[in-house]
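In full-length UniProt numbering, the protein residues as written are 1 to 120. Ideal Cβ placement from N, Cα and C applies to all residues, glycine included. Computed from a predicted structure; not experimentally measured. To keep things clear, I will list the structure first and then write my remarks on it.
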């Protein structure tokens with residue numbers, strides 16, 4: 001995996017996108033949304049996201065023991081989630097606390113919204 005930083009996702013660019021079932025995305029829209037899906041495409045990051053989303057906020061001190069990975073590796077995965085616009089973080093003393101950015105998930109959910117099948 002490359003050590004290059006991902007660009008921070010602009011949630012305004014994601015908000016412009018109509019649901020995939022309504023009309024195809026253009027290249028610029030796809031480039032704006034892809035980092036969010038890429039960040040969630042890793043099993044560790046998906047688990048981290050699930051843990052953070054299940055509570056109002058979570059300390060990194062509670063996330064790290066849940067994995068058989070080093071602290072720096074967990075920090076890297078959290079950085080990817082943060083740069084993808086999926087979580088916010090706040091340092092409080094020694095620890096960093098994470099919380100979901102609900103607007104990012106609402107926008108991703110809206111993007112994936114499909115009409116109900118007829119007769120359902």
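Sub-8 Å separation of residue i and residue j beta-carbons
i, j, result
"residue 85", "residue 101", "yes"
"residue 67", "residue 33", "no"
"residue 49", "residue 81", "yes"
Integer-rounded CB distance, given that residue j should sit under 8 Å from residue i
i, j, result
"residue 126", "residue 36", "Any question about residue 126 goes unanswered here, given that the chain covers just 1 to 120."
"residue 114", "residue 18", "Actually they are not in contact, since the Cβ atoms of residue 114 and residue 18 sit about 12 Å apart, beyond 8 Å."
"residue 63", "residue 51", "6 Å"
Which of helix, strand or coil DSSP assigns to residue i
i, result
"residue 70", "coil"
"residue 55", "coil"
"residue 62", "helix"
"residue 99", "strand"
"residue 118", "coil"
"residue 23", "coil"
Proximity winner among the options, relative to residue i (alpha-carbon distances)
i, options, result
"residue 88", "60, 38, 23", "60"
"residue 57", "107, 117, 97, 118", "97"
"residue 106", "53, 24, 38, 118", "53"
"residue 23", "93, 112, 119, 116", "112"
- Message: I'd like to know if the stretch 18-30 and the stretch 72-85 are in contact, where contact means that at least 3 CB-CB pairs between them fall below 8 Å.
- Response: No, the stretch 18-30 is not in contact with the stretch 72-85.
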